[in-house]
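Take a look at the structure set out below.
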Amino acid sequence: MSELTRKAEKLDAGDELAAKRAEFVLDGPEGAVYLDGNSLGALPVAVPGRVADVVGREWGEMRIRSWTESGWWTAPERIGDRIAPLVGAAAGQIVVGDSTSVNVFKALVGAVRLAQETGPGRDEILVDATTFPTDGYIAGSAARMTGCTLRPVEPSEVPGALGERTAAVLLNHVDYRTGRLHDLPALTAAVHAAGAYAVWDLCHSAGALPVGLDAHGVDLAVGCTYKYLNGGPGSPAYLYVRADLQNRFDSPLPGWNSHAEPFGMRSEYAPAEGAVRGRVGTPDILSMLALEAALEVWDGVTVDAVRAKSLALTDFFLECVGEYVPEGRVECLTPLPHAERGSQIALRCADAGPVMGRLIERGVVGDFRHPDVLRFGFTPLYVGFADVERAARVLAEELG
Numbered sequence: 001m002s003e004l005t006r007k008a009e010k011l012d013a014g015d016e017l018a019a020k021r022a023e024f025v026l027d028g029p030e031g032a033v034y035l036d037g038n039s040l041g042a043l044p045v046a047v048p049g050r051v052a053d054v055v056g057r058e059w060g061e062m063r064i065r066s067w068t069e070s071g072w073w074t075a076p077e078r079i080g081d082r083i084a085p086l087v088g089a090a091a092g093q094i095v096v097g098d099s100t101s102v103n104v105f106k107a108l109v110g111a112v113r114l115a116q117e118t119g120p121g122r123d124e125i126l127v128d129a130t131t132f133p134t135d136g137y138i139a140g141s142a143a144r145m146t147g148c149t150l151r152p153v154e155p156s157e158v159p160g161a162l163g164e165r166t167a168a169v170l171l172n173h174v175d176y177r178t179g180r181l182h183d184l185p186a187l188t189a190a191v192h193a194a195g196a197y198a199v200w201d202l203c204h205s206a207g208a209l210p211v212g213l214d215a216h217g218v219d220l221a222v223g224c225t226y227k228y229l230n231g232g233p234g235s236p237a238y239l240y241v242r243a244d245l246q247n248r249f250d251s252p253l254p255g256w257n258s259h260a261e262p263f264g265m266r267s268e269y270a271p272a273e274g275a276v277r278g279r280v281g282t283p284d285i286l287s288m289l290a291l292e293a294a295l296e297v298w299d300g301v302t303v304d305a306v307r308a309k310s311l312a313l314t315d316f317f318l319e320c321v322g323e324y325v326p327e328g329r330v331e332c333l334t335p336l337p338h339a340e341r342g343s344q345i346a347l348r349c350a351d352a353g354p355v356m357g358r359l360i361e362r363g364v365v366g367d368f369r370h371p372d373v374l375r376f377g378f379t380p381l382y383v384g385f386a387d388v389e390r391a392a393r394v395l396a397e398e399l400g
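Counted the way the working numbering counts, the sequence shown spans residues 1 to 400.
Take a look at the structure:
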């Protein structure tokens with residue numbers, strides 16, 4: 001047994017989150033090491049039974065009555081309140097529904113409209129130049145619709161790019177490719193100092209590290225639920241609108257579900273109060289209630305504990321890679337300082353695509369990002385230190 005194998009055993013023995021692993025459907029000790037939870041989280045064991053009940057009893061037997069008697073109608077806000085503490089938000093500010101892309105559109109156009117209420121000269125949107133492509137596409141469309149100019153800027157350069165024309169800034173909390181964690185408190189403060197509104201994409205941070213939406217005065221935020229929140233493929237996203245902005249939030253997608261009287265069938269639109277303004281059409285109940293069941297794994301867990309383990313896992317992975325992988329075969333793209341690191345490690349590798357293919361064949365599941373990046377995501381609720389050591393060892397064997 002190697003020194004690192006013994007260290008992994010010791011770390012696993014002291015892991016306060018180790019018991020959570022049993023709440024997920026995972027392979028046995030000799031099965032796959034799943035390091036792709038930053039793309040799709042593992043299945044929580046409570047979900048299949050809950051979905052079966054929703055389909056068989058709530059839909060199959062109760063049918064239309066379930067909108068009221070089973071709580072379907074209030075699910076978007078109820079589940080939003082379940083997510084809220086995971087991103088540092090008080091209740092009543094998050095609504096669940098639609099995709100991340102749709103919510104980015106709602107949030108960004110809403111932010112521009114807020115800015116232009118008081119500053120008609122604010123006709124510029126700044127967008128993270130390293131963003132996931134969809135955010136850039138949506139930002140471009142939002143700019144065209146609102147008469148704004150779109151300006152891509154590296155997150156570190158945002159403070160210097162802000163000005164009196166800036167209406168809104170769309171940023172990613174964690175870079176999807178490199179795993180770099182951006183400084184949400186400082187960047188939000190800089191945006192506010194310029195009189196603009198901050199919109200944050202939390203897809204790669206919610207459920208992996210503290211966010212602090214309320215504490216740092218974030219205006220609007222969006223996120224998916226199928227990564228670290230384990231809601232399942234295509235599970236609904238969420239929209240956060242800070243409480244004091246809700247009565248001014250003007251959604252570009254006013255649907256009957258966000259109307260003050262949704263069953264009044266009025267020809268004129270009147271927005272509801274609170275987070276309900278973020279709703280649009282009929283909620284996707286099956287996937288939404290699967291998400292609600294998945295969130296039960298967070299019972300008794302603090303985000304601080306998850307963050308501590310995440311950093312320990314990624315530190316140990318880098319230690320193992322440094323020990324096992326031949327020198328010069330990979331380059332770490334993820335920042336080493338904890339304050340700049342999300343919950344993934346990105347390694348540059350010349351033949352990353354074929355290497356990841358071989359890793360997956362051998363039971364180490366990560367993913368590949370064009371042109372040369374190996375991504376390994378660490379979900380602290382179910383990834384252990386022995387998994388990390390094995391992944392690094394197999395990687396070294398494939399690169400040797």
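C-beta atoms are modelled at their ideal positions from N, C-alpha and C, and glycine is treated no differently. Remember, predicted model here, so these are calculated numbers, not experimental data.
Note that the C-beta distance between Val364 and Arg390 is below 9 angstroms.
Put simply, the stretch 319 to 336 does not touch the stretch 256 to 276. Fewer than three CB pairs are less than 8 angstroms apart. Comparing alpha carbon positions, the residue from Asp387, Leu395 and Leu399 closest to Arg21 is Asp387. Residue environment for Lys10: exposed (fewer than 16 other C-beta atoms within 10 angstroms of its C-beta). Taking 4 residues as the minimum length, the alpha helix (DSSP H) runs contained wholly in the stretch 134 to 163 are 158 to 161, in order along the chain.
The shortest CA-to-CA distance from Trp59 to any of Val47, Pro48 and Trp72 is the one to Trp72. Per DSSP, Leu202 lies in no beta strand (DSSP E) segment and is marked neither H nor E.
Shown here for Thr178: same chain residues with a beta carbon closer than 7 angstroms to its own, the five before and five after excluded, namely Leu333, Thr334 and Ala346 in chain order. Taking C-beta separations shorter than 6 angstroms and ignoring five residues to either side along the sequence, the partners of Ala32 in its chain run Gly363 and Val365, following chain order. In the DSSP assignment, His259 is bridged to Pro271. Proximity of the stretch 102 to 113 to the stretch 299 to 309 falls short of the contact definition, fewer than three beta-carbon pairs being nearer than 8 angstroms. In this structure, Ala350 keeps its C-beta atom at 9 angstroms or more from the C-beta atom of Asp315. Spatial neighbours of Gly212 in its own chain (CB-CB distance under 6 angstroms, excluding positions within 5 residues in sequence) are listed in chain order as Gly88.
Taking the C-beta atoms as reference points, Leu86 is found no nearer than 9 angstroms to Tyr382. By the beta-carbon neighbour count (other beta carbons within 10 angstroms, threshold 16), Arg266 is exposed. For Asp367, there is no enclosing alpha helix (DSSP H); the residue is found in the beta strand (DSSP E) stretching over Asp367 to Arg369. The DSSP-derived three-state label of Arg341 is strand.
Only residues of its own chain outside the window of five on either side were considered, and among them Ala237 have a CB closer than 7 angstroms to the CB of Ser99, listed in chain order. Annotated three-state conformation of Thr100 is helix, per DSSP. Annotation note: the stretch 290 to 357 contains the following uninterrupted alpha helix (DSSP H) runs of length 4 or greater, listed N- to C-terminal: 303 to 324.
With a cut-off of 8 angstroms on Cβ pairs, the stretch 42 to 62 is in contact with the stretch 285 to 294, counting three or more such pairs.
As for any alpha helix (DSSP H) of minimum length 4 sitting wholly inside the stretch 172 to 203, the runs are 184 to 193, ordered along the chain.
Taken atom to atom, the span from the alpha-carbon of Val102 to that of Tyr137 is near 11 angstroms.
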